[in-house]
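First up is the structure itself, then whatever we jot down about it.
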Amino acid sequence: MEVYDELNELVYADVDEVPDDGFHAHLDDDAITDYLVVHEDETIGFVTLREGHHSSRQYSRYLRIVNLAIDEDHRNRGHGSRVIERVTELARDQGYDHLKVSCEWRNEDARRFHRDTNFRPKQVDYVQPLE
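The number in our numbering is simply the position in the sequence shown, starting from 1, with 1284 added.
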């Protein structure tokens, strides 16, 4: 199981308790696209992409991989790598000049996966809970 920071702790114990407004905002955002990962007619995961730009930088137009999830039973079979390959093709075809992705610092498997799929560390995000 992946290691998550306490700031990622879920608030709701059951999916039926989650208010719909967050899902509607996500689905209504034109900069966000969700894709299902299907293998042999079975949905085995999903990827969420978000468009972004830094207008003052040479590499200004990017596509961020917000979420990439593959069911545990289907991991380590190349599905995630194929998703990254497809996202890379899609980004190039749509005129983006780089991809971004982030993961939990202590999630060694995700960090290794991103390095293995040609991502490189660029910066580190820090958080400070305000209690």
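All C-beta atoms, glycine included, are put in the ideal place defined by N, C-alpha and C.
Computed from a predicted model, the values in this text were never measured in an experiment.
Considering Cα atoms alone, identify which of 1307, 1400 and 1337 is closest to residue 1364.
1400
How would you label residue 1398, buried or exposed, when you count the other beta carbons within 10 angstroms and need 16 or more for buried?
buried
Which same chain residues, not among the five before or five after residue 1237, have their C-beta less than 8 angstroms away from its C-beta?
Within the shown structure, residues of the chain are numbered from 1285 to 1415, placing residue 1237 beyond reach of any answer.
Between the stretch 1334-1353 and the stretch 1372-1389, do at least 3 Cβ pairs fall closer than 8 angstroms?
yes
Express the C-alpha separation of residue 1387 and residue 1368 in angstroms, rounding to a whole number.
15 angstroms
Going by C-alpha distance, which of 1345, 1406 and 1354 is nearest residue 1376?
1345
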